[in-house]
Structure formats: structure tokens, C-alpha cells
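*Asks:* In my numbering, the protein residues as written are 102 to 214. Idealized CB from N, CA, C, for every residue including glycine. From a predicted model like this one, the values you see are computed outputs, not experimental measurements.
(1) For the alpha helix (DSSP H) that residue 138 lies in, which residues bound it at each end?
(2) Whole angstroms are fine: how far does the CA of residue 115 sit from the CA of residue 194?
(3) Which residues in the same chain have their Cβ closer than 8 Å to the Cβ of residue 208, if we skip the five residues on either side of it in sequence?
(4) Measuring straight from C-alpha to C-alpha, what distance separates residue 107 and residue 196?
(5) Contact check, residue 123 vs residue 170 under 8 Å by CB: the rounded distance?
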């Protein structure tokens, strides 16, 4: 941590959405999965301002409201907030990373590109 606060950071992680939607009503599954992804990003990055990328939203909703993918690979990017009026200096952008298989994938710190 620097004198200004936490620095920007990038993290690649696999989010297990199956636990979030198990025993949920059909009409609440996709919204609940997005809430759980948002909660995971808040916990990992420590920023209350979490923004979901449109490609991630489309990937969660791709098979409809009922059939949410069991696992989804995401990249969390903690960035500086350009808005002067915002109470939060940093925000987290959650983006979708398409993968063919989830075998041997770990949560890793990734570089900026």
C-alpha cells in the first residue's frame, strides 16, 4: 500500500457461479450470479465500486435466465477513478475471459495487458 492508497492491480480468477444459483428460483438465477460475481470482486479487490463489463453480462445471460454457466473465468482490474465527484478513488472492472477448459486454472496476478 502506498501513501495514496491501494495501487491498481489485475487478477485472473475463476468464479464458481453454481453455488450462487443452487436452490434458487429459475427467475432469479442469472441476476443472483451477477450479484455473487460483484460480491467476489468487492472482497478480492477491496473496492465498493464494481463495474461489470457488457461481455461478462452477455456470457452470464447467454443461455437464458435459468441456465447460468457453472463456472466463468473473469479478470478483475482495479483502476483509478477519473470522476472527481466520486467518493471512491478506485473502482474494479470485471471482464470476461473465454477459456476452453477450467482444468489446472488458478487465481493469478496478471500484468496490465
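*Replies:* Here's the rundown:
(1) In the chain shown, residue 138 corresponds to position 37, counting from 1. It spans 130-146 - the alpha helix (DSSP H) in which residue 138 sits, taken as one unbroken run.
(2) What you label residue 194 is simply residue 93 of the chain shown in a count that begins at 1. What you label residue 115 is simply residue 14 of the chain shown in a count that begins at 1. Cα to Cα, residue 194 sits roughly 15 Å from residue 115.
(3) As a position in the chain shown, residue 208 is number 107, starting the count at 1. Here the set comprises 112, 113, 114, 115.
(4) Here residue 107 refers to the residue found at position 6 when the chain shown is read from its first residue. Here residue 196 refers to the residue found at position 95 when the chain shown is read from its first residue. Approximately 20 Å between the Cα atoms of the pair.
(5) Translated into the one-based positions of the chain shown, residue 123 becomes position 22. Translated into the one-based positions of the chain shown, residue 170 becomes position 69. With 8 Å as the limit, residue 123 and residue 170 do not qualify as a contact, their Cβ atoms being about 14 Å apart.
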